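The sequence shown begins at 64 in this note's numbering and counts up by one.
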Amino acid sequence: MSEVNAEQVARAAVALAGSELPDVVDRLAAFSDPTRLGLLIAIHAAPGAPVKTLAAATGLTPNTVSQALVALRDAGLVTNERDGRLSRWHVSDAAAHALLHHLGAPHSELHPPH
């Protein structure tokens with residue numbers, strides 16, 4: 064049986080104590096929900112798209128899209144900006160943006176290469 068390395072235990076405990084684990088779990092939960100992940104991918108490919116555009120692109124109802132976008136906004140992954148009567152949506156979280164790249168999500172030509 065292997066010994067427990069006290070130094071590793073201490074480092075791991077400090078890392079967990081200082082982490083924002085509940086926030087990370089909430090943010091990652093968006094990626095486990097097919098509706099929210101689909102919307103993140105759609106917004107990543109078409110930043111600034113309003114709800115009706117996202118609904119048409121995903122095949123969801125505008126109400127379903129709106130509810131999912133609120134959950135994504137509450138998780139800190141997207142933001143919206145008002146444009147007259149429209150609300151335009153953007154991926155706002157850098158880590159979520161990077162994860163979308165890692166997952167192979169198509170990128171908008173509106174963004175500079177990175």
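C-beta atoms are modelled at their ideal positions from N, C-alpha and C, and glycine is treated no differently.
From a predicted model like this one, the values you see are computed outputs, not experimental measurements.
Give a yes or no on whether the C-beta atoms belonging to residue i and residue j are separated by under 8 Å.
i, j, result
"LEU140", "ARG74", "no"
"THR98", "LEU123", "yes"
"ALA102", "PHE94", "First, the residue type needs correcting, since residue 102 is Leu and not Ala in the sequence shown. No. Outside cutoff."
"ALA92", "ALA105", "no"
For residue i, count neighbouring C-beta atoms within 10 Å of its own C-beta (all shown protein chains included) and say buried if the count is 16 or more, exposed if not.
i, result
"LEU132", "buried"
"ALA25", "In the structure as shown, the chain begins at 64 and stops at 177. Residue 25 is therefore absent and cannot be evaluated."
"ARG148", "exposed"
"VAL87", "exposed"
"ALA161", "exposed"
"ALA69", "exposed"
"ALA159", "buried"
"ALA157", "exposed"
"LEU135", "buried"
"ALA138", "buried"
For residue i, collect the residues of the same chain with a Cβ closer than 8 Å to its Cβ; drop the 5 residues on either side in sequence, then sort them by chain order.
i, result
"HIS164", "HIS170"
"THR116", "ALA109"
"VAL154", "LEU103, ILE106, HIS107, PRO110, LEU140, VAL141, HIS160, LEU163"
Can you find the residues in the same chain that come closer than 7 Å, C-beta to C-beta, to residue i, ignoring five residues on each side of it along the sequence?
i, result
"SER150", "PRO113, VAL114, ASN143"
Between which two residues does the beta strand (DSSP E) holding residue i run?
i, result
"ALA144", "Before going further, note that residue 144 is Glu rather than Ala in the sequence given. That run of the beta strand (DSSP E) goes 141 to 146."
"SER150", "149 to 154"
Looking at the structure shown, is residue i part of a helix, part of a strand, or coil, going by DSSP?
i, result
"VAL67", "coil"
"ALA204", "What is shown of the chain runs 64 to 177, which leaves residue 204 out entirely."
"ALA92", "helix"
To which residues of the same chain is residue i closer than 6 Å at the C-beta, ignoring the five residues directly before and after it?
i, result
"GLY111", "ARG151"
"VAL128", "VAL114, LEU117, ALA118"
Where do the N-terminal and C-terminal ends of the alpha helix (DSSP H) with residue i fall, by residue?
i, result
"SER171", "SER171 -> no alpha helix (DSSP H), and no H or E assigned at all."
"GLY101", "97 to 108"
"SER129", "125 to 137"
"ALA119", "114 to 121"
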